[in-house]
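Q:
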Amino acid sequence: MKNLKLFLLIISLIFLVSILLSCNPQTSDKQSPPETITKADIEIVNWTNYLSDSKNYYYIDGILKNVGNEKASYVKVKIKSFDINDNLISIDEWYADPFDIFPDQEATFSAMVSYSSKIYKFKLSVLWE
2 MKNLKLFLLI ISLIFLVSIL LSCNPQTSDK QSPPETITKA DIEIVNWTNY LSDSKNYYYI
62 DGILKNVGNE KASYVKVKIK SFDINDNLIS IDEWYADPFD IFPDQEATFS AMVSYSSKIY
122 KFKLSVLWE
């Protein structure tokens with residue numbers, strides 16, 4: 002009789018454990034790969050500025066690079082000039098050459114900004130479609 006009770010108890014525990022395990026979803030340690038985001042991403046690699054010989058313009062030249070994984074179209078550089086108090090003086094936009102930049106490709110830009118004795122610094126940003 003004791004053996005039968007022990008046997009029934011063990012069978013009942015096994016049955017209970019199997020039911021509990023079947024109710025809990027199994028998880029996997031495998032993770033799905035992250036989604037690849039496709040987009041262009043243009044960075045300014047380097048740039049410089051200098052005053053023209055006539056002293057009427059600042060020339061601003063530089064190099065851009067597409068570090069993204071899609072083509073960037075109609076790439077242009079926006080140049081803002083500021084005085085010593087950070088007040089905006091001018092905004093100019095110039096297209097890159099070439100203005101369509103493929104992934105891992107570089108392009109150049111050359112811009113002219115009208116001279117002002119108030120200009121203290123330039124801030125550059127890049128726009129594209």
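First residue of the sequence shown? That's 2 in the numbering used here, and the numbers climb one at a time after it.
Just so you know, even glycine gets a beta-carbon here, dropped at the ideal spot from N, CA and C.
Bear in mind the structure is a predicted one, so any value in this text is a computation, not a measurement.
1) Out of Ile-120, Tyr-60 and Ser-55, state which residue places its alpha-carbon closest to the alpha-carbon of Trp-95.
2) Beta carbon of Leu-125, beta carbon of Ile-45: below 8 Å?
3) Among Ala-41, Glu-130, Ser-118 and Gly-63, which has the Cα closest to the Cα of Asn-70?
4) State the start and end residues of the unbroken beta strand (DSSP E) segment that holds Asn-67.
5) Assuming Glu-107 and Ile-64 form a contact by the criterion Cβ under 8 Å, report the distance between their Cβ atoms to the nearest whole angstrom.
6) Alpha carbon to alpha carbon, what distance is there between Thr-109 and Ser-115?
7) Looking only at its chain, what residues have a beta carbon closer than 8 Å to the beta carbon of Asn-57, apart from the 5 residues adjacent to it on each side?
8) Quick one: is Asn-67 buried, meaning 16 or more other Cβ sit within 10 Å of its Cβ, or exposed?
9) Going by DSSP, name the residue or residues bridged to Ala-108.
10) Measure the C-alpha to C-alpha separation of Glu-130 and Ser-118 and round it to an integer number of angstroms.
11) Relative to the C-alpha of Ser-91, which residue among Trp-48, Thr-49, Lys-122 and Asp-54 is closest?
12) I'd like to confirm the pairing. Which residues does DSSP put opposite Ile-43 in its beta bridges?
13) Measure the C-alpha to C-alpha separation of Asp-62 and Thr-49 and round it to an integer number of angstroms.
A: Here's the rundown:
1) For the set Ile-120, Tyr-60 and Ser-55, the Cα lying nearest the Cα of Trp-95 is the one of Tyr-60.
2) yes
3) Ala-41
4) 58-67
5) 6 Å
6) Approximately 20 Å, taken between the alpha carbons.
7) Ser-115 and Tyr-116
8) buried
9) In DSSP, Ala-108 forms a bridge with Leu-65.
10) 34 Å
11) Lys-122
12) Asn-67
13) 6 Å
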